[in-house]
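Residue numbers (full-length UniProt numbering): 1 to 167.
Okay, structure coming up:
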C-alpha cells in the first residue's frame, strides 16, 4: 500500500505500523492543541499569546486533515473528537488531563496566558517526542513528522520566551 509523504500528494511510499500509530495518536493530540488554542481568542489577555495560539491552530488544522486522509487511504479508522482524552491515548506524551483542560477553560486574562503557555509547552514536548520516533521508525509519515518536530520546537522556544515575559 502507498500513501502521501508529508504534505506532498505526489510522493508515494509504503506505510507501516508506526505510520498508522503516529497518525492515530497525533490527530487527537493536535485536536487537543487546537481546542486549547481556540480558547485564547476569548480567554487570553496578551496579544502575543493570542497570536501564537492562532499560529498553532493554523499549522495543526491542515496536518489533522492530511493525517486523516492518510488513515482513510490506508483503510484505518480515523479517531473521532472524543478520542483525545488522555486515558484514550495509551500514554501519548503531552496529552492533558480532563482536569487540566477544565482549569484552562476556567481561567481568563493573565492567569489564562500563563496556564495556556505552561500546558502547551508540555503538550508540544510530547508531540516532538512522538514525531522524532516517527521519523526514526516510520515510512510514509517521516516528512510530516520532521515538519512537526521543527515547527513545534520553534513554537516551544517562542512559548518559553513569552512565559518569561509575562507578569
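C-beta atoms are modelled at their ideal positions from N, C-alpha and C, and glycine is treated no differently.
message: If contact is defined by three or more beta carbon pairs under 8 Å, each pair taking one atom from either stretch, is the region 20-29 in contact with the region 59-79?
response: The region 59-79, when compared against the region 20-29, does touch it at the 8 Å Cβ threshold.
- prompt: Span of the alpha helix (DSSP H) holding residue 166?
  reply: Reading the chain shown from its first residue, position 166 is the one you call residue 166. Where residue 166 is concerned, there is no enclosing alpha helix (DSSP H), given that its DSSP letter is neither H nor E.
field: Start and end residues, alpha helix (DSSP H) containing residue 18
entry: The sequence position of residue 18 within the chain shown is 18, counting from 1. Here the alpha helix (DSSP H) through residue 18 covers 17-43.
task: Figure out for me which residue from 133, 154 and 159 has the closest Cα to the Cα of residue 25.
output: Position 25 of the chain shown, counted from the first residue, corresponds to residue 25. Out of 133, 154 and 159, the CA that lies nearest to the CA of residue 25 is found in 133.
- prompt: Between the C-alpha atoms of residue 101 and residue 36, what's the straight-line distance to the nearest angstrom?
  reply: Indexing the chain shown from 1 puts residue 101 at position 101. Indexing the chain shown from 1 puts residue 36 at position 36. Here the alpha carbon of residue 101 sits roughly 8 Å from the alpha carbon of residue 36.
As assigned by DSSP and simplified to three states, the class of residue 140: Indexing the chain shown from 1 puts residue 140 at position 140. In the structure shown, residue 140 sits in coil (DSSP, three-state: anything other than H, G, I, E or B).
Nearest neighbour of residue 109, chosen from 45, 40 and 125 [CA to CA]: To locate residue 109, count along the chain shown from 1; it is residue 109. Measuring from the Cα of residue 109, the nearest candidate turns out to be 45.
message: Please classify residue 140 as buried or exposed, where buried requires at least 16 other C-beta atoms within 10 Å of its C-beta.
response: Along the chain shown, one-based indexing puts residue 140 at 140. Residue 140 is buried by the Cβ-count criterion.
- prompt: Mind checking residue 166: buried by the 16 CB within 10 Å criterion, or exposed?
  reply: Here residue 166 refers to the residue found at position 166 when the chain shown is read from its first residue. With fewer than 16 Cβ atoms within 10 Å of its Cβ, residue 166 is classed as exposed.
query: Any idea if residue 113 is buried or exposed, counting beta-carbon neighbours within 10 angstroms, 16 or more meaning buried?
result: Against the chain shown, residue 113 aligns to sequence position 113. Taking a 10 Å sphere around the C-beta of residue 113, we find 16 or more other C-beta atoms and assign the residue as buried.
field: C-beta contact flag for residue 116 and residue 32 at 8 Å
entry: Position 116 of the chain shown, counting from 1, holds the residue named residue 116. Position 32 of the chain shown, counting from 1, holds the residue named residue 32. In this structure, residue 32 does not lie closer than 8 Å to residue 116 by Cβ.
- prompt: Beta-carbon separation of residue 40 and residue 49 under 8 Å?
  reply: Start at 1 with the first residue of the chain shown, and residue 40 comes out as number 40. Start at 1 with the first residue of the chain shown, and residue 49 comes out as number 49. A Cβ-Cβ contact shorter than 8 Å links residue 40 with residue 49.
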